[in-house]
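Reading through the structure tokens given below for one structure.
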Amino acid sequence: MTTALLDIDAAAARLGVNVRYMRHLVAHRTIPYHKVGRLVRFDPADLDAFVATGRREAVSAS
């Protein structure tokens, strides 16, 4: 079974960013996406992986 792909509005809401920034990420090929004809769609699992790659561990002050 496949998961439903998200449109750019739903993907932006999921990441907590605006649509303009999502378009920037797509234009610079920074975020994984699918082209369905002329439409840009996002797999929720790809969005979760994208967020995970940006994760940084906290460093304790010494």
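So for the sequence shown, the working numbering puts the first residue at 1210; every next one is plus one.
The beta-carbon is built from N, C-alpha and C at its ideal position, and this holds for glycine as well.
Predicted, not measured: the structure shown is a model, and the values here were computed from it.
{"Query": "Neighbourhood of TYR1242 by C-beta, 8 Å cutoff - its chain only, sequence neighbours within 5 removed", "Result": "VAL1235, VAL1249, ARG1250, PHE1251 and ASP1255"}
{"Query": "Backbone secondary structure at MET1210 - three-state DSSP", "Result": "With a pLDDT of 45 at MET1210, under the threshold of 50, the modelled position of this residue cannot be trusted; read the value that follows with caution. DSSP places MET1210 in coil when its eight states are reduced to three."}
{"Query": "Delimiting residues of the alpha helix (DSSP H) encompassing ARG1250", "Result": "Unbroken run through ARG1250 is the beta strand (DSSP E), 1248-1250; no alpha helix (DSSP H)."}
{"Query": "Host alpha helix (DSSP H) of VAL1235 (start-end)", "Result": "1228-1236"}
{"Query": "Three-way DSSP call (helix, strand, coil) for VAL1260 in this model", "Result": "helix"}
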